[in-house]
Every structure is written in structure tokens, then in C-alpha cells.
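Undergrad: Chains as they are written, first to last, in my numbering: chain Y, 424 to 523; chain F, 424 to 523; chain X, 424 to 523.
1. Please give me, in chain order, every unbroken run of the beta strand (DSSP E) with length at least 3 that falls completely inside the segment 434-509 of chain Y.
2. Could you confirm whether any beta carbon from chain Y is found closer than 7 angstroms to the beta carbon of residue 516 (chain X)?
3. Nearest by alpha-carbon distance to residue 506 (chain X): which of X:431, X:435 and X:425 is it?
4. Which residues of the segment 443-467 of chain F have a Cβ closer than 9 angstroms to any Cβ of chain Y? Give them in chain order.
5. For chain F, find out if any of its Cβ atoms is closer than 7 angstroms to the Cβ of residue 507 (chain Y); answer yes or no.
6. Determine, using beta carbons only, whether residue 482 (chain X) and residue 424 (chain F) come nearer to each other than 7 angstroms.
7. With a cut-off of 7 angstroms, does the C-beta of residue 488 (chain Y) fall near any C-beta of chain X?
8. Using a Cβ-Cβ distance cut-off of 7 angstroms, determine whether residue 510 (chain X) contacts chain F.
9. Report the three-state DSSP secondary structure of residue 521 (chain Y) (helix, strand or coil).
10. Flag this pair as yes or no: are the beta carbons of residue 509 (chain Y) and residue 457 (chain X) separated by less than 7 angstroms?
11. Could you say if the segment 429-449 of chain Y and the segment 437-448 of chain F meet the contact criterion of at least three C-beta pairs nearer than 8 angstroms?
12. Looking at the structure shown, is residue 430 (chain Y) part of a helix, part of a strand, or coil, going by DSSP?
13. Using a Cβ-Cβ distance under 7 angstroms, would residue 498 (chain Y) count as near chain X?
14. Does the CB of residue 482 (chain F) have a neighbour CB from chain Y at under 7 angstroms?
15. I want to verify the contact list: residues of chain F whose CB lies under 8 angstroms from the CB of residue 426 (chain Y), in sequence order.
16. Based on Cα-Cα distance, which residue from X:493, X:478 and X:444 lies nearest to residue 464 (chain X)?
17. Quick check on residue 520 (chain Y) - is its C-beta less than 7 angstroms from some C-beta in chain X?
18. Tell me whether the beta-carbon of residue 512 (chain F) lies closer than 7 angstroms to the beta-carbon of residue 431 (chain F).
19. Below 7 angstroms between beta carbons: does that hold for residue 433 (chain X) and residue 459 (chain F)?
20. Quick one: which chain Y residues come within Cβ less than 8 angstroms of residue 478 (chain F)?
21. Compare the beta carbon distance of residue 429 (chain F) and residue 514 (chain F) with 7 angstroms and say whether it is the shorter of the two.
22. Would you mind telling me which residues of chain F sit closer than 7 angstroms to residue 435 (chain X), beta carbon to beta carbon, in chain order?
23. For chain X, check one thing: does any of its Cβ atoms lie closer than 7 angstroms to the Cβ of residue 469 (chain Y)?
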């Protein structure tokens, strides 16, 4: 099966940010996203207890360039004041040309 | 810790396909699967608005051969008429011999 | 964007184990975790039908050392008597220094 090497970005954060993030990720070049409800604790010190039970996990398949732009954006915009985890992984995508 | 290198397939698609997919994935060699509810938008043009709020994400740990067979199958069978994302990643699995 | 190479551990298992696992993972060095509800079948033979509809998927971003410790622990402690899948993947994490 021919696949296309792309990047998967995962952002776990407070549910209240969903609308903002989705709009911004599109502006930065993401062609789509998948959201699952999540809960968690830790990683972010003082905010941890406030986000428990009300998190979202946003996933996007994007090019390396868009991945970089999105991570740069969330690091600058959200990491100081919001509980957020963001990471990137390599993926091999079926019909990956649709995502770039 | 000794782990076994395997493939993780992720398929995000319309919830209505769940029973079909699960049966087919087993027939193609998957020994099990994990499903989470998801929602999303985009990646697939015209169908996007119809799948919002009613998606599933199916994950399977399989051998490279089974991964290839499953991706080939969904690309041929579903990509034309259904909203679907499918990708594969490398994983290192504890007691991975159970999955092949 | 500067990221830090870390490990993502995923454990899919019976929901009844959540409190135990979370406590143990912290003791083993995890600084946080994300949990999503999941359902599934297979991979684990006889227990499969009992865990359907009542699984959790626990994810943690950790160092390679902590990853190893956690996988070792769950393999020894849970794999014999509980339905459980555990695997590790490479991730590139924004502000990854917070996780080690």
C-alpha cells in the first residue's frame, strides 16, 4: 500500500479552548482535525486540578511545515497560561496528498 | 523491557461503519481493536459536515503484513464514498507476540 | 520549533484498574497522564468479552527510563490476570523538559 509520510500533531488541553484552537489550526494550514474527550492530571503544575475531567485531545494530520507552525503557535500563545501538552509523531497516511 | 516492533493502524471514520469494519479487520488478520468516540471536521471535503459529532476512531496493533492488507482494503472499499482517515505508525509492544 | 524527543506510553485496559495504575505510574516517575474512555475486543483471549465497553486508554509522556520502568511493571503485575495492551512510541514534545 502506497502511503505518504506526514506528521500527526496531538494537543491535549482545556476544553474551553476548542473553538479558538480549531479556528487557529485551520488558519495555520491544518485541513481537518479529530477531537476526543479526555481527562488527566499533572504535567502542568498549578493548573492540573482545574483541568481534570474537562480536557480535549485534538489530533491533526499535517505536513512538516504546518506541524512546525502549529507547535510554534501553541507554545507562544497558550503554554504560559493554559494546561497544554503538544507533541508530534511520524505517520504514514493513506491518500496523504489530501492533507497537504 | 523487551518489546516487539509492530504497526499501529488508526482509522477515523463514520460511526455507522463500525460493525462492518470490525468484521472486515478481523477477517484481514487483526486480533483485536480499540474504539474511541471522536468528532471532527475536514480532510474529506463534502462529507465533513455530515460526520461531525458521530465519528469513531478504531486502533489496531498488527503485523506489517496485516497493516498493509487493512490499509489496502479501506482505501479501495471506503475512501470514495465515506469520510475516512487511515494511517500507520511504528510501535514497540509489550508481549507483542500475542498480536501476530 | 525546538522539541524534545521523549516516549509516549499507551496502556489500554479494564476501567477498574484506573486508580491503581495512576498511582503506580506516578510512583514510577510519570509526571502526568491523559485518559480517554475506550471499548474494544480481542488481543487478550478469554477476558475479551468482559472488558468490552468498559476500557480506559491511559497515555503518558515520559523519559525512556521511566517508559521502561512502567512497561516492566505492567507486564509483571497485570498481564497475567487482566486484559491489557501496552506499547511505546517516539514523540517530539514541545517544552519536553517539563516531563522528565
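Beta carbons: idealized from backbone N, C-alpha and C, even for Gly.
Predicted model, so just to flag it, every value in this text is computed and none were measured.
TA: The structure says:
1. Along the length of the segment 434-509 of chain Y, whole beta strand (DSSP E) runs at least 3 residues long occupy 455-465 and 478-485, reported in chain order.
2. Yes, residue 516 (chain X) counts as interfacial toward chain Y.
3. Of X:431, X:435 and X:425, the residue nearest in Cα terms is X:435.
4. Of all residues in the segment 443-467 of chain F, 459, 460, 461, 462, 463, 464, 465, 466 and 467 have a Cβ within less than 9 angstroms of some Cβ in chain Y.
5. For residue 507 (chain Y), the answer is no, since every Cβ of chain F falls outside 7 angstroms of its Cβ.
6. No, they are not a contact pair.
7. Not closer than 7 angstroms to any Cβ of chain X, the Cβ of residue 488 (chain Y) fails to qualify, so no.
8. With 7 angstroms as the cut-off, residue 510 (chain X) counts as an interface residue toward chain F.
9. In the three-state reduction of the DSSP assignment, residue 521 (chain Y) falls in the helix class, which pools H, G and I.
10. No, these two residues do not count as a Cβ contact at 7 angstroms.
11. Flag = no, the segment 429-449 of chain Y and the segment 437-448 of chain F do not touch.
12. DSSP places residue 430 (chain Y) in strand when its eight states are reduced to three.
13. Interface residue, yes.
14. Interface criterion not met: the Cβ of residue 482 (chain F) is under 7 angstroms from no Cβ in chain Y.
15. Per Cβ cutoff of 8 angstroms: 494, 510 and 511.
16. For residue 464 (chain X), the nearest C-alpha among the options comes from X:478.
17. With 7 angstroms as the cut-off, residue 520 (chain Y) does not count as an interface residue toward chain X.
18. Contact flag set, yes.
19. Contact check for residue 433 (chain X) against residue 459 (chain F) fails: the beta carbons are separated by 7 angstroms or more.
20. Those within 8 angstroms of residue 478 (chain F) in chain Y are 457.
21. Result yes, Cβ atoms of residue 429 (chain F) and residue 514 (chain F) sit closer than 7 angstroms.
22. Under the 7 angstroms cutoff, chain F gives 457.
23. Confidence in residue 469 (chain Y) is poor, its pLDDT being 38 and thus under 50, which makes the residue's placement unreliable; the coordinate value appears in the next sentence. Taking a beta-carbon distance threshold of 7 angstroms, residue 469 (chain Y) does not count as an interface residue toward chain X.
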